[in-house]
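Novice: Quick note: the sequence shown uses our numbering, first residue 86, plus one each step.
Glycine is no exception: its CB is placed at the ideal position from the N, C-alpha and C atoms.
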Amino acid sequence: MADDDLEAIRARHMAELQSQQGHGDGAKTQAEQQARENEMKNVILGQVLDQSARARLNTIAIAKPEKARMVENLIIQMARTGQLQGQKLSEAQLKDLLEQVSS
């Protein structure tokens, strides 16, 4: 994934957060923010995982949601720090990450 894509997502997210400041409807705003964060997470994961890896991660999320969240956060962090360098993670690479998280 290109750093430009990540920067665009971050900039859009920051603009949305700044526009929300001052709005007192806390629960609704928090729910909207959570929905936007989930959408951003799904966009990033869609860009950095191939189809088989995405399917496996979704299956893991059903059985072990906490483990899936940990791996998703790790993948997003790797994408943001440039460790993926424009390549999509395969299912085999996802399995390696799962083993690292499990140990």
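So, under 8 Å CB-CB, L174 and V133 are touching, yes? Tell me the CB distance rounded to an integer number of Å.
Specialist: About 6 Å; that satisfies the 8 Å criterion.
Novice: I'd like the ranges of any alpha helix (DSSP H) spanning at least 4 consecutive residues and lying wholly in the stretch 118-181.
Specialist: Entirely contained in the stretch 118-181, the alpha helix (DSSP H) runs reaching 4 residues are, in chain order, 136-148 and 150-165.
Novice: Comparing C-alpha positions only, which one of I161, S104 and L179 sits nearest to L124?
Specialist: It is worth fixing the name first, because residue 124 is Glu in this sequence and not Leu. The option with the nearest alpha carbon to E124 is I161.
Novice: In three-state terms, what does DSSP make of S187?
Specialist: Correct three-state label for S187: helix.
Novice: Is the CB-CB distance between L142 and L91 below 8 Å?
Specialist: Going by C-beta atoms, L142 is not nearer than 8 Å to L91.
Novice: Mind reading off the beta-carbon distance from A146 to A153? Whole number of angstroms is fine, and I expect it under 8 Å.
Specialist: The Cβ separation is near 4 Å, so the contact holds.
Novice: Is the distance from the Cβ of E157 to the Cβ of K126 below 8 Å?
Specialist: Cβ distance < 8 Å, so E157 and K126 count as in contact.
Novice: Among the residues of its own chain, which have a CB less than 6 Å from the CB of S137, if the five just before and after it don't count?
Specialist: For S137, where only same-chain residues beyond five positions count, the Cβ hits under 6 Å are E176.
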